[in-house]
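Protein chains in written order, with the numbering used here: chain A, 1 to 102; chain B, 103 to 727.
If you want it as structure tokens, here you go:
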């Protein structure tokens with residue numbers, strides 16, 4: 001892989017991460033927030049792959065598999081939580097779940 | 103003499119049992135334990151005393167265990183028995199036992215029966231430790247112990263607010279003296295490097311010359327403690343109020359034993375006082391002034407027990423006067439006789455008050471001669487002894503000895519003698535005023551209760567003692583018996599009499615006898631023959647009467663000098679300046695807590711924002727550095 005492809009890959013990863021982050025920050029719907037978190041995870045996974053390719057090491061790919069596994073687990077827990085929140089609050093608005101303030 | 107340790111231990115265990123199991127014990131067992139423990143202790147005292155007198159030794163030491171050993175100060179839990187402490191433990195246990203027996207009937211209807219005996223036993227134990235201690239640290243333990251018991255017993259009927267005030271007053275005023283005494287002990291230790299009384303007694307004349315500064319400071323500080331405990335000027339105000347306690351308490355603590363602890367302290371440390379003639383002079387002046395002030399105050403009281411309280415202050419004034427002129431054994435002799443007759447008077451007064459259903463005012467009594475014959479006769483004997491009626495009473499011999507030595511002793515002077523003489527006159531007036539008002543004249547209050555055997559027997563024994571005990575020491579020109587002063591000679595030096603006075607001793611006795619009899623006569627005229635004369639005198643000098651009645655206005659003076667400024671300062675500092683630092687810390691913590699609790703908004707996106715901003719800040723820092 002040459003230098004330009006690496007830079008492009010990293011820029012893509014960074015852009016995806018920022019999109020995810022902004023999504024988490026501005027979205028109020030919890031499902032969209034979860035999706036945005038998934039985007040951020042994949043962005044970091046992409047960064048690992050690119051870095052692993054740059055140094056010709058398998059570590060990047062190992063890390064990506066880890067992230068994938070973790071994301072799967074996280075989604076299952078997250079969806080369960082979202083179901084519970086919906087049951088309790090009858091809404092998916094994250095701002096409505098502010099009963100533990102101060 | 104090996105049984106010596108049992109004497110304070112028995113009352114201690116009595117108190118312990120009563121404190122722990124007092125409420126479960128059947129009511130009959132309480133006086134058996136309470137009076138029994140003191141009775142056994144008195145019995146042991148007799149055995150030890152007989153052993154001590156028959157053996158040729160003059161001291162006996164018993165060390166129970168080492169108590170403290172720090173930085174050169176080593177004091178043991180050790181008892182020292184000599185003639186002085188033997189006399190004291192005899193009076194404490196024997197008179198104490200009689201008073202316990204009396205109390206078993208007197209306090210029978212009271213709810214705090216077991217509590218009363220527990221306190222009383224604890225008191226006897228502390229008092230015994232005080233007089234038996236061989237070092238001043240242990241003595242201080244007993245000293246504070248009796249102070250505590252005095253507080254507890256004055257406030258025994260704590261349901262009434264004024265009793266609590268009286269108890270606190272007694273505790274605080276004596277604490278003033280005790281603080282002075284503690285400082286005295288510090289100075290003593292600094293100079294002698296020991297607080298063992300015997301070592302101090304032998305070391306003192308070697309270390310200091312007569313009239314040097316250190317003994318003066320020490321003796322003045324010790325005098326402060328003695329004046330507080332013995333209710334002498336200027337710390338005498340607590341004793342009249344201490345009459346709030348039950349009568350047996352007044353008899354035991356505030357007449358016979360605890361209030362004479364000051365006399366004991368000065369007699370015990372006489373080696374130091376002898377090195378400071380100025381201090382001895384002050385002791386004499388305090389004694390002379392106190393006996394006059396308290397005597398005049400006693401003339402105007404209505405409350406039977408308050409008369410006796412002022413009379414106690416006055417009689418201890420005599421003891422201080424005797425100490426001041428170096429007549430050590432005369433002071434101790436008067437202490438012993440006073441313990442007998444004043445305990446008798448208080449117990450009899452208690453019986454009268456109980457018989458009249460808690461009536462304290464003498465002007466509402468009267469005519470009790472027929473109704474309470476035993477009380478009348480014993481009270482009369484006690485009163486005669488207090489008024490020092492010549493020849494037949496114990497009080498005459500002890501007081502006459504003091505009068506004689508204030509004049510003829512090398513440290514005596516004519517002013518002390520005149521003060522003592524005037525005091526004797528006043529004493530016999532107020533004593534017989536009390537007798538005439540209470541037992542003669544019309545019956546004004548009905549008798550509710552006739553005291554039984556348990557109250558009468560102690561009265562009779564004490565009456566016998568306050569008469570007979572006087573005969574163990576008779577003046578030079580009258581049989582010349584010196585059993586008592588010979589007995590004390592190994593401990594206390596005898597007083598030197600100026601030679602050219604020897605011839606007039608007879609005259610002094612005649613004067614003393616005449617003064618006391620004429621005092622009785624004056625009281626007779628004023629309160630029996632022409633009672634209206636007393637009222638006239640009272641109304642013509644109403645201001646003076648009021649002044650004397652309030653105890654020479656000392657309470658008001660102290661209220662103005664100390665209590666009000668203290669209350670004023672306390673009210674200024676109501677919010678406690680020192681505490682401000684800590685309340686400030688609390689306020690700061692609460693302030694930040696409130697600010698940070700805003701960030702706990704519960705809105706998830708705010709938290710994420712926080713994480714992001716924090717992450718960016720950390721990254722920036724990492725990039726910059």
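Note that beta-carbon positions come from the ideal geometry of N, C-alpha and C, so glycine has one too.
Query raised in the report: Of all the options A/80, A/68, A/56, A/55, which has the alpha carbon lying nearest to the alpha carbon of residue 39 of chain A?
Result: A/68
Query raised in the report: According to DSSP, is residue 620 of chain B helix, strand or coil?
Result: helix
Query raised in the report: In chain B, what lies closer than 8 Å to residue 95 of chain A by C-beta?
Result: 705, 706, 707
Query raised in the report: Are residue 237 of chain B and residue 299 of chain B closer than 8 Å when you measure CB to CB?
Result: yes
Query raised in the report: Taking only beta-carbon atoms, is residue 713 of chain B less than 8 Å away from chain A?
Result: no
Query raised in the report: Can you tell me whether DSSP reads residue 385 of chain B as helix, strand or coil?
Result: helix
Requested in this report: Assign residue 430 of chain B to one of three DSSP states: helix, strand, or coil.
Outcome: helix
Requested in this report: Locate the alpha helix (DSSP H) running through residue 56 of chain A, then write down its first and last residues.
Outcome: Counting along the chain, residue 56 of chain A falls outside any alpha helix (DSSP H), and DSSP gives it neither H nor E.
Requested in this report: Check whether the stretch 271-278 of chain B touches the stretch 340-347 of chain B, taking contact to mean three or more Cβ pairs, one atom from each stretch, closer than 8 Å.
Outcome: yes
Query raised in the report: Distance, Cα to Cα, residue 399 of chain B vs residue 267 of chain B?
Result: 21 Å
Report task. On a CA-only basis, which of B/464, B/502, B/558, B/355 is nearest residue 433 of chain B? Give me that one, please. Result -> B/502
Query raised in the report: For residue 718 of chain B and chain A, any beta-carbon pair shorter than 8 Å?
Result: no
Query raised in the report: Alpha carbon to alpha carbon, how far is residue 366 of chain B from residue 611 of chain B?
Result: 27 Å
Query raised in the report: When the cut-off is 8 Å and only beta carbons count, does residue 98 of chain A lie next to chain B?
Result: yes
Requested in this report: Closer than 8 Å by C-beta to residue 60 of chain A: which residues in its own chain qualify, once you throw out the five before and the five after it? Chain order, please.
Outcome: 48, 49, 50, 51, 52, 53
Query - Nearest-angstrom beta carbon gap, residue 600 of chain B and residue 512 of chain B [assumed within contact, 8 Å] - result: 6 Å
Report task. Express the C-alpha separation of residue 678 of chain B and residue 489 of chain B in angstroms, rounding to a whole number. Result -> 54 Å
Query raised in the report: DSSP state of residue 545 of chain B, grouped into three classes?
Result: coil
Query - chain A contact residues for residue 690 of chain B, given Cβ-Cβ distances below 9 Å - result: The premise fails here: residue 690 of chain B is roughly 19 Å from chain A at the closest Cβ pair, so nothing lies under 9 Å.
Query raised in the report: Short check: CB of residue 150 of chain B to CB of residue 106 of chain B, under 8 Å?
Result: yes
**Report entry** chain A residues whose Cβ lies nearer than 8 Å to that of residue 710 of chain B
**Finding:** 24, 25
Query raised in the report: So is residue 83 of chain A in contact with chain B if we call contact Cβ pairs under 8 Å?
Result: no
Query raised in the report: What separation, rounded to the nearest whole angstrom, lies between the Cα atoms of residue 737 of chain B and residue 33 of chain A?
Result: Outside the shown range of chain B, which is 103 to 727, sits residue 737 of chain B, and nothing can be said about it.
Query raised in the report: In the DSSP assignment, what residue or residues form a beta bridge with residue 175 of chain B?
Result: B/172
Requested in this report: Just mark residue 73 of chain A as buried or exposed, buried being the case when its beta carbon has 16 or more other beta carbons within 10 Å.
Outcome: exposed
Report task. Could you pull the start and end residues of the alpha helix (DSSP H) that residue 24 of chain A belongs to? Result -> 3-26
Report task. Check the Cβ-Cβ distances between residue 89 of chain A and every residue of chain B, and say whether any is below 8 Å. Result -> no
Query raised in the report: What do you reckon, is the C-beta of residue 658 of chain B under 7 Å from a heavy atom of the ligand MG?
Result: In the structure shown, the ligand MG is absent, as is every other ligand, since no ligand is present at all.
Query raised in the report: What do you get for residue 544 of chain B, buried or exposed, if any count of 16 or more other CB atoms within 10 angstroms of its CB means buried?
Result: exposed
Query - Segments assigned alpha helix (DSSP H), at least 4 residues, entirely inside the stretch 159-247 of chain B - result: 185-208, 215-234
Report task. Just tell me which of B/279, B/306, B/277, B/280 has its CA closest to the CA of residue 291 of chain B. Result -> B/306
Report task. Using a threshold of 8 Å, state whether the C-beta atoms of residue 538 of chain B and residue 401 of chain B are closer than that. Result -> no
Query raised in the report: When DSSP labels each residue in this structure, what does residue 29 of chain A get in the three-state scheme?
Result: strand
Query raised in the report: Which word fits residue 726 of chain B, buried or exposed, when buried means at least 16 other C-beta atoms lie within 10 angstroms of its C-beta?
Result: exposed
Query raised in the report: How should residue 422 of chain B be labelled, buried or exposed, when 16 other C-beta atoms within 10 angstroms of its C-beta is the threshold for buried?
Result: buried
Query raised in the report: What does residue 21 of chain A touch in chain B if you count any residue whose Cβ is under 8 Å from its own?
Result: 714
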